[in-house]
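K.L.:
Have a look at this one before I ask anything.
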Amino acid sequence: MKPWFLIWSRLPANGMAIFPFIIIKDVRMKTDPVLVNHERIHFRQQLELLILPFYLLYLLNYLVNLVRFKNHYLAYFNILFEKEAYAHEHDLVYLKKRKFFAWIKYV
45 MKPWFLIWSR
55 LPANGMAIFP
65 FIIIKDVRMK
75 TDPVLVNHER
85 IHFRQQLELL
95 ILPFYLLYLL
105 NYLVNLVRFK
115 NHYLAYFNIL
125 FEKEAYAHEH
135 DLVYLKKRKF
145 FAWIKYV
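Numbers 45 to 151, taken from this note's numbering, label the letters of the sequence shown in order.
Laid out in structure tokens, this is it:
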């Protein structure tokens, strides 16, 4: 399934994947291959966890990290789903070779 793109200029980040959408701040970002790939990785993570469990694990991982690091940015960048997405966002063929539940190795 391919995500639908939405434009929301008030988005606090450049992009965000919320099934079934990839929300971006500016229409020009739709042509940024790294940003789109990063969000598509999240899209795949959401699908393999049947969507709702992804959000619960994402939030739980963020909260644990926030207690651990006492810093929003460190908490965010240490979310296991973000680690996978940032590690592979420049590999534009990553999703073709990605194994199911690849994010588990970032636990």
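For every residue, glycine included, the Cβ atom is placed at its ideal position computed from N, Cα and C.
If you check the beta carbons only, do I85 and H132 fall under 9 Å apart?
P.N.:
By 1-based counting over the sequence shown, the position of residue 85 is 41. By 1-based counting over the sequence shown, the position of residue 132 is 88. Contact flag set, yes.
K.L.:
Taking the alpha carbon of P64 as the point to measure from, which residue in L96, V151, F125, Y138 has its own alpha carbon closest?
P.N.:
Start at 1 with the first residue of the sequence shown, and residue 64 comes out as number 20. Per the Cα distances, L96.
K.L.:
L50 by DSSP, collapsed to three states: which one?
P.N.:
Mapped onto the sequence shown, residue 50 falls at position 6. In this structure, L50 counts as strand in the three-state DSSP scheme.
K.L.:
For A119, is the classification buried or exposed, using 16 other Cβ atoms within 10 angstroms of its Cβ as the cut-off for buried?
P.N.:
Position 75 of the sequence shown, counted from the first residue, corresponds to residue 119. Buried is the call here.
K.L.:
Classify N115 as buried or exposed, calling it buried when 16 or more other Cβ atoms lie within 10 Å of its own Cβ.
P.N.:
Locating residue 115 in the sequence shown gives position 71, counting from the first residue. Looking at its Cβ environment, which holds fewer than 16 other Cβ atoms inside 10 Å, N115 is exposed.
K.L.:
So which of V71, K141, L103 has the shortest CA-CA distance to R54?
P.N.:
Stepping through the sequence shown from its first residue, residue 54 is reached at position 10. Residue V71 is the option with its Cα nearest to R54.
K.L.:
State the CB to CB distance for the pair G59 and I67, rounded to an integer number of angstroms; the pair is presumed to be in contact (CB under 8 Å).
P.N.:
Taking the first residue of the sequence shown as 1, we reach residue 59 at position 15. Taking the first residue of the sequence shown as 1, we reach residue 67 at position 23. That pair is a contact at about 7 Å.
K.L.:
Within 10 Å of its beta-carbon, does V80 have 16 or more other beta-carbons around it, so buried, or fewer, so exposed?
P.N.:
Translated into positions along the sequence shown, residue 80 becomes position 36. So V80 ends up on the buried side.
K.L.:
Among F145, V151, K149, which one has its Cα closest to the Cα of L94?
P.N.:
Locating residue 94 in the sequence shown gives position 50, counting from the first residue. Cα-wise, what sits closest to L94 is F145.
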